[in-house]
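In our numbering, the protein residues as written are 26 to 217.
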């Protein structure tokens, strides 16, 4: 199998997860259990009884961004949720590019309605982000819905690129994929 073929092998499962999420059936049953196991951090981060971890993580990210003042923020998986909320919460932080990778930001029921600030029917781009690109493997089971731009119209580009045979959610695979280089090349040249 090629990388491309394998990236598409889990696409049907991803479509089932997205369909169940749209219908509000993701919180129960085996699909909800699977997603919760894959994204274990969801339960801790969104725990309504204990906002401490959520606040601590966002504060740590804000502090790191203030110190480094990066032009580009690459946020993988739950990191995309933390980065999104941190950038909204801290309007003094400015980035040229927010690159979300394998992001569950639009996941109905489990992520999207729990975001802060609470989005209406569509999520917005943080005003301190000049450009937002989303990258997802076609079979990444955590990157639901398939095209994040449908839920977040502020995304400038929604790119689907296969990153690995069975490691379709690994950050190392995303960082090594050709699409990542294409996205980052203008920033590497501009800030070299």
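Backbone N, C-alpha and C define an ideal beta-carbon position, used for all residues, glycine too.
task = Could you round the C-beta distance between residue 124 and residue 98 to whole angstroms and report it? I think they count as a contact, below 8 Å.
result = Confirmed, about 7 Å.
query = Three-state secondary structure (DSSP) at residue 113?
reply = Residue 113 carries a helical assignment under DSSP once its states are collapsed to helix, strand and coil.
ask   = Which runs of the beta strand (DSSP E) spanning at least 3 residues fall entirely within the segment 109 to 196, listed in chain order?
value = Listed in chain order, the complete beta strand (DSSP E) runs (minimum 3 residues) inside the segment 109 to 196 are 120 to 126, 154 to 161, 182 to 185.
task = Check each candidate in 128, 109, 72 and name the one with the smallest Cα separation from residue 164.
result = When each option's Cα is compared against that of residue 164, the closest is 128.
ask   = Going by the CB atoms, is the gap between residue 120 and residue 82 shorter than 8 Å?
value = Taking 8 Å as the Cβ cut-off, residue 82 and residue 120 do not qualify as a contacting pair.
ask   = Is it right to say residue 213 is buried, meaning 16 or more other beta carbons lie within 10 angstroms of its own, or is it exposed?
value = By the 10 Å Cβ count, residue 213 comes out exposed.
ask   = Where do the ends of the beta strand (DSSP E) carrying residue 74 lie?
value = No beta strand (DSSP E) contains residue 74, which DSSP labels as neither H nor E.
request  = Give the secondary structure of residue 100 by DSSP, where H, G and I count as helix, E and B as strand, and everything else as coil.
outcome  = Residue 100 falls in the strand class under three-state DSSP.
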